[in-house]
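Undergrad: Below: one structure in structure tokens.
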Amino acid sequence: MEEISLLQLWDGIRKRLPMIIVLTLVVGLGSFLINNFVLPPKYEASTTMLISKPKDYNPQGADQINYDDILVNQKLVSTYSEIIRSRGIAKQVIDNLELDFDLADFEDRVSVQTVKDTEVISVKVVDTIPERAMDIANETSEIFRDSIKGIMSIDNVNILDAAELPTVPVSPRVLLNTVLGLLLGLMLGVFLAVIRETTDTTVKTTDEITKEFNLTVLGVIPQFKNGGN
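Under our numbering, the first residue of the sequence shown is numbered 150, with each subsequent residue one higher.
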């Protein structure tokens, strides 16, 4: 296999620079159009809840929160997170808000996150309709708070922040995706230029003729531009 130097590759890339530029612009423009006009914008709304000690619970007769109580509540956070994701909570939210999608759609929209080593749970909802995202987040938190009393026989969930109406979409990220599209087009163009250069078998110089066919070049016919003498 014939070896190709980096200088030859660079020369091949430079000769095909118009193709690379066009491909970069086409892919970048395509990414911009798809993200701006095809993909629907999605909005995120979230609520936060605090797992605290139950009301009227004071085993030591003191007003301050005991360290052991905090540890117990932190361990309950993971349990509560699974309860929020349960079908029972989801069905109540869907029925109460009269949503037109099933449990699978609900699970795709709703996520539960916990803040490490804290007693805070966050319910996040991503939806194409900002009002619906806000309503689902608030309804999920309220139903969970009211249901936990019967499920765990304990009343220790407080809503810290209710969801607000989101005004700025979280996806698609048009600028970022457009830049990534430009980079992808550039890489693709360079790749194609390198492939075409490495697979090009045409003879371009007298040195290549001598090396390839072991022949002596007797003369070269010059190429004149139109109108030349």
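Glycine included, C-beta positions come from ideal geometry on N, C-alpha and C.
Computed from a prediction, not measured in an experiment: that's the story for all the values here.
Quick check: the Cα distance between T389 and L174, rounded to an integer number of angstroms?
TA: One cannot answer for residue 389 here, as it falls past the ends of the chain, which runs 150 to 378.
Undergrad: With a threshold of 16 other CB atoms inside 10 Å of the CB of L166, please say whether the residue is buried or exposed.
TA: L166 is exposed by the Cβ-count criterion.
Undergrad: Are I162 and V317 touching if we call contact CB-CB under 8 angstroms?
TA: Taking 8 angstroms as the Cβ cut-off, I162 and V317 do not qualify as a contacting pair.
Undergrad: Drop a sphere of 10 angstroms on the beta-carbon of A253, count the other beta-carbons inside from all chains shown, and report buried for 16 or more, exposed for fewer.
TA: When all chains shown are included, A253 counts as exposed.
Undergrad: Please confirm whether I270 and V319 have their CB atoms less than 8 angstroms apart.
TA: No, the pair does not count as a contact, with Cβ atoms beyond the cut-off.
Undergrad: What does M198 pair with, by DSSP beta-bridge criteria?
TA: According to DSSP, which records beta bridges pairwise, M198 is partnered with I270, I308.
Undergrad: Tell me the DSSP bridge mates of E193?
TA: Paired residue(s): V275.
Undergrad: Would N307 be called buried (16 or more neighbouring beta carbons within 10 Å of its own) or exposed?
TA: With fewer than 16 other Cβ atoms within 10 Å, it is exposed.
Undergrad: Between the C-alpha atoms of Q157 and R345, what's the straight-line distance to the nearest angstrom?
TA: When rounded, the distance between both Cα atoms is 12 angstroms.
Undergrad: Quick one: using the 10 Å Cβ neighbour count with 16 as the cut-off for buried, is S180 buried or exposed?
TA: The residue is buried, with at least 16 neighbouring Cβ atoms inside 10 Å.
Undergrad: Closest to L335 by C-alpha separation, out of V171, S154, K298, would be which residue?
TA: The option with the nearest alpha carbon to L335 is V171.
Undergrad: Here's the rule I'm using: 16 or more other beta-carbon atoms within 10 Å means buried, otherwise exposed. How should E268 be labelled?
TA: Buried, since its Cβ has 16 or more Cβ neighbours within 10 Å.
Undergrad: Using the beta-carbon count (16 or more within 10 Å), is E256 buried or exposed?
TA: By the 10 Å Cβ count, E256 comes out exposed.
Undergrad: With DSSP run on the structure shown, which of helix, strand or coil describes V226?
TA: Looking at V226 - three-state DSSP - the assignment turns out to be helix.
Undergrad: Can you tell me whether P315 is buried or exposed, with buried defined as 16 or more other CB within 10 angstroms of its CB?
TA: When all chains shown are included, P315 counts as buried.
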